[in-house]
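Heads up: take any position in the sequence shown, counting from 1, add 23, and you land on the working numbering.
Glycine residues also receive a C-beta, built at the ideal position from the N, C-alpha and C atoms.
Take a look at the structure below.
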Amino acid sequence: MSDGEVKHDYHLVNASPWPLLGSISVVTLAIGAVTFMKGLFGMEKGTWWLMAIGFAMVIWVMIGWWREVAKEGAEGDHTPVVAIGLRYGMILFIVSEVMFFVAWFWGFFEFAIFADARVGETWDATNPLYADALARFKSWPPAGVETFDPFHLPLINTLVLLLSGTTVTWAHHALQHNDRSGAKLGLLLTVVLGMAFTALQVIEYSHAGFTYDGTLYGSAFFMATGFHGAHVVIGTIFLAVCLMRLMMGGMTPTKHIGFEFAAWYWHFVDVVWLFLFAFVYVTPHLIFGNGA
């Protein structure tokens, strides 16, 4: 219609540097993490400054980018149609995260199920490399690895995370009914429980009888539980930001899509941990014992 303004539910976003800066930040963080754990580009293992720079860049990008998205919502750009698109995007993001964890679970299960047949017919008793490989793979967990007792700290952490799932649901329900004090209290409790989970996992790691460096069991265990722990930290920050916005007068019973996404993400973290607890902690402990 050339003689009038076109009415529609969409808006054109302003030019933004955040996607490019976000990509650069994540690559920097990944390279820094590899350098810290293994050494890279002539830098020795344990070099931490590149990882710290990458982490700071990621935080900076998240603050800047999410601030722009929140501003769009406040200006009325998040119409019902746009909000549906945002929800689809968040659902697809969570699905991609599920597949990310599927890869680690698949590796863990594959190591466990085929531990005694990995080398197979290629094994040559005269080749010390094959002999060493067979010795490493003939049992799961490998000899000398003492698994965690799942009914101590892991069980406590499971109860903590399940309780946090109830408090975030309470907070969301309270906000939907314009009970802002209840929403604040529920969110505060969720953030505290998330921090408690992380602290307990750090304590648990300090008592581990194995490391990520040297055994397939250790690398599979720490990659699966460690990445879950990273997601708990991210989710806790996500919820803390929602709490700050709520305390500053932001979000309403009908306009709180950021909080809704944070609650979805937190429930995803809950479900992943239940799977971890059942199949990475409990099942190996009951089937294989302590591995010693």
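One Cα belongs to ASP100, the other to LEU239, and the distance between them is close to 49 Å. In the displayed model, MET271 falls within coil according to three-state DSSP, outside both helix and strand. Only exposed fits THR102, as fewer than 16 other CB atoms lie within 10 angstroms of its CB. Counting C-beta atoms within 10 angstroms of its own C-beta, PHE64 has fewer than 16 neighbours from the protein chains shown and is therefore classed as exposed. Taking the Cα positions, GLY209 is about 42 Å away from ILE136. Judged by DSSP in its simplified three-state form, LEU63 adopts strand. DSSP places ALA38 in the coil class of the three-state scheme, outside both helix and strand. In this structure SER46 is exposed. Its beta-carbon is surrounded by fewer than 16 other beta-carbon atoms within 10 angstroms. A contact between stretches requires three or more CB pairs, one per stretch, nearer than 8 Å, and the segment 210-217 meets this requirement with the segment 183-191. Here DSSP, grouped into helix, strand and coil, assigns VAL305 to helix. Boundaries for ALA231: no alpha helix (DSSP H) harbours it, and the DSSP string shows neither H nor E there. Counting the other CB atoms within 10 Å of its CB gives THR277 a total below 16, which places it among the exposed residues. Per DSSP, TRP71 lies in no alpha helix (DSSP H) segment and is marked neither H nor E.
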